[in-house]
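Chemist: Per the numbering used here, the sequence shown starts with residue 1323, numbered consecutively.
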Amino acid sequence: MQRILIDTDPGVDDAFAIFLAMRSPELQIEAITTVCGNVPVAQATQNLLTILGVLDLDEFPTIAEGEAEPLVKQLVTAAHVHGEDGLGNTSQHRSTDGSLLYPPANTEIATLSGVDLILEMASRYPDELIIVTLGPLTNIAKAIRKDAAKMRRLRKIVVMGGVFEEYGNVTTTAEFNIFVDPHAAQEVFQFGVPIHIAPLDATHQVVLTGERLHAEFDQQEDNISNFLKDATQACMEFYRRHVGFWGFHIHDALPMGMLTHPEYFESVDAYVQVETAGTLTNGMTVADLRRERRPPNPNAQVCIKVAAEAFLDHFFKRLH
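1) At which residues does the beta strand (DSSP E) containing Asp1591 begin and terminate?
2) Can you list, in chain order, the residues of its chain whose CB lies under 8 Å from that of Glu1497, leaving out five sequence neighbours each side?
3) Report the rounded CA-to-CA distance for His1518 versus Ile1326, giving the unit in angstroms.
4) Under three-state DSSP, which class holds His1505?
5) Within 10 angstroms of the Cβ of Gln1396, are there 16 or more other Cβ atoms? Answer buried if so, exposed if not.
6) Where does Arg1467 sit, in a helix, a strand or coil, going by DSSP?
7) Which residues mark the beginning and the end of the alpha helix (DSSP H) in which Lys1639 is found?
8) Roughly how many whole angstroms lie between the Cα atoms of Leu1377 and Ala1599?
9) Note down the Cα distance separating Ile1572 from Val1363, rounded to an integer number of angstroms.
10) Compute the beta-carbon to beta-carbon distance between Gly1359 and Pro1504, rounded to the nearest angstrom, for a pair I have assumed lies under 8 Å.
11) With distances taken from CA atoms, which of Gln1595, Thr1603, Phe1633, Arg1612 is nearest Ile1585?
12) Can you round the beta-carbon distance between Glu1436 and Gly1388 to whole angstroms, since I take them to be within the 8 Å contact cut?
13) Given that a residue counts as buried once 16 or more other Cβ atoms are within 10 Å of its Cβ, and exposed if not, what is Thr1455?
14) Within this structure, are the beta carbons of Thr1330 and Ile1354 separated by less than 8 Å?
15) Run through DSSP, which three-state label would Pro1433 get?
16) Give a yes or no on whether the C-beta atoms belonging to Ala1471 and Val1510 are separated by under 8 Å.
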């Protein structure tokens, strides 16, 4: 059993990741912290409650709201991709009696901050806790600044973020999570805890088409299936217009698969740095991924290849 803390800025692919994590018996989700990114942090927390409400759990992980601003930059969000509420505008869906179709989970938000919850969990499970980051790395960098000794006892950090040999999804050179807070990413990558990265190079290999989503879920009339069909409409329409296919990439689900089924993923050791000053390259993740050029001082393992169909099959099997 792997003890996990999920740090997230819930957009649509975060929902896929959280559903997969909660349906993975190999993972024990101890806590979830929210951070600004796809949406402002208050909306991120609301979205997390919506996602957990869809799951209809008997017992909830501890939840805390994290940082509302990146370390240095102004916040950039992604409502144009994920819908105004970050979850495909599912907050506007109503039942026949006018109530919310997807009401928030009936659970409390912790009074302590996201950063303090991260430190508490790191202290409670030394050398055991794995942090999985699905958004910008602001909370993690702040936790390192506040108590580096506790954070050094993390087992590892699994990051969805960065791009190395593909084009970015915000600028030509930058992936969204790193672009939003490159300073935080640079601090985390240089910290010395084992880092495993699922960059766009890997996540773009897993293409979830609208046809596949509906083929899997149209026969199912449960809450998760209905929610995912509703939540993905805005994203898939964005992809149809701007990326060239009807569907989308379920980026944030990959780190969960890396933990439960590492045989689906191939990684290389790398020394990863983040550009924090460039005008054209702000947020760019820089590393040499060529196998023959193994760095003497790697700070990360970067995923470069995914058994995409096997992973998608696994994802749907877990959610059925």
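The beta carbon of each residue, even a glycine, is placed where N, CA and C say it ideally should be.
Note that the structure is a prediction, hence the values are computed from the model and not measured.
Modeler: This is what the structure holds:
1) One-based indexing of the sequence shown puts residue 1591 at position 269. Counting along the chain, the beta strand (DSSP E) containing Asp1591 begins and ends at 1587-1592.
2) Along the sequence shown, read from residue 1 onward, the residue named residue 1497 stands at position 175. Beyond the five residues adjoining it in sequence on each side, Glu1497 comes within less than 8 Å, by CB distance, of Gly1483, Gly1484, Val1485, Gly1490, Asn1491, Pro1521, Leu1522, Gly1605, Thr1607 in the same chain, given in chain order.
3) As a first step, residue 1518 is located in the sequence shown; it is residue number 196 there, counting from the start. As a first step, residue 1326 is located in the sequence shown; it is residue number 4 there, counting from the start. Each residue's alpha carbon lies about 14 Å from the other.
4) Here residue 1505 corresponds to residue number 183 of the sequence shown, with the count starting at 1. His1505: helix per DSSP, three-state reduction.
5) Along the sequence shown, one-based indexing puts residue 1396 at 74. Under this definition Gln1396 is an exposed residue.
6) Position 145 of the sequence shown holds residue 1467. In the three-state reduction of the DSSP assignment, Arg1467 falls in the helix class.
7) Taking the sequence shown and counting its residues from 1, one reaches residue 1639 at position 317. Counting along the chain, the alpha helix (DSSP H) containing Lys1639 begins and ends at 1630-1641.
8) Start at 1 with the first residue of the sequence shown, and residue 1377 comes out as number 55. Start at 1 with the first residue of the sequence shown, and residue 1599 comes out as number 277. Distance between Leu1377 and Ala1599, taken at the CA atoms: about 41 Å.
9) Looking up residue 1572 in the sequence shown gives position 250. Looking up residue 1363 in the sequence shown gives position 41. Taking the straight line joining both Cα atoms gives about 21 Å.
10) The residue labelled residue 1359 in the question sits at position 37 within the sequence shown. The residue labelled residue 1504 in the question sits at position 182 within the sequence shown. With a Cβ gap of about 13 Å, Gly1359 and Pro1504 do not count as contacting.
11) Walking along the sequence shown from the start, residue 1585 turns up at place 263. Ile is not the amino acid found at residue 1585; the sequence shown has Glu there. Checked all of Gln1595, Thr1603, Phe1633, Arg1612; the closest Cα to Glu1585 is Phe1633.
12) For the purposes of this step, residue 1436 is identified with residue 114 of the sequence shown, where counting begins at 1. For the purposes of this step, residue 1388 is identified with residue 66 of the sequence shown, where counting begins at 1. The question names Glu, but residue 1436 in the sequence shown is Gly. About 3 Å separates the two Cβ atoms, so the contact holds.
13) For the purposes of this step, residue 1455 is taken as the residue at position 133 of the sequence shown. Burial call: buried.
14) The residue you call residue 1330 lines up with position 8 of the sequence shown. The residue you call residue 1354 lines up with position 32 of the sequence shown. Between Thr1330 and Ile1354, the CB-CB gap stays under 8 Å.
15) The residue given as residue 1433 occupies position 111 in the sequence shown. The identity of residue 1433 in the sequence shown is Thr, whereas the question assumes Pro. Reduced to three states, the DSSP call for Thr1433 is coil.
16) Mapped onto the sequence shown, residue 1471 falls at position 149. Mapped onto the sequence shown, residue 1510 falls at position 188. Note that the C-beta distance between Ala1471 and Val1510 is not below 8 Å.
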